[in-house]
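Colleague: The structure under discussion is supplied below as structure tokens; questions concerning it will follow.
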Amino acid sequence: MPDVMAERRAAPRYALIVVAEVTELSSGARLTARTSDVSRTGCYVDTLNPIPSGTPVRIVLAKGGENFEVSAKIVYVSPGLGMGVHFDSPVPPTQLAILDRWLQFAARTTL
């Protein structure tokens, strides 16, 4: 059974709660929610009404007056709970620098 539960993430995730605005690229529909964890490659967004898996989106995460903004895709959905978001590669260096600062802070505060 341990093989079934193997960790598949490409980057460590950290408990980081920030405001998330997710916009469906095809329809322009927007939702505002919050993250519960974030990594260099994606995040989990808590929302009662998740966007369907496979949907391309634009996501803006906001913390402390800074915004992290990238294209992404919804990779899984937990109905009534939230959705997993994978950031498109490559993440622009200026955006990655913002994200790395947040993750370094989150790593220090979870020790």
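Just add 1 to wherever you are in the sequence shown, counting from 1, and you've got the numbering used here.
Idealized CB from N, CA, C, for every residue including glycine.
1. Pull up the distance between the alpha-carbon of Asp101 and that of Arg41, whole angstroms please.
2. Can you give me the C-alpha to C-alpha distance between Thr24 and Thr48, rounded to a whole angstrom?
3. Specify the secondary structure class of Thr110 as computed by DSSP and reduced to three states.
4. Could you give the residue range of the beta strand (DSSP E) that holds Ile52?
5. What residues in its chain sit with their C-beta under 7 Å from that of Ala108, if we drop five residues either side in the sequence?
Modeller: Based on what the coordinates show:
1. Rounded to whole angstroms, Asp101 and Arg41 show a C-alpha spacing of 7 Å.
2. Thr24 and Thr48 have their alpha carbons spaced roughly 13 Å apart.
3. helix
4. Ile52 -> no beta strand (DSSP E), and no H or E assigned at all.
5. Residues Tyr15 of the same chain have their beta carbon placed closer than 7 Å to that of Ala108, with the five preceding and five following residues left out of the count.
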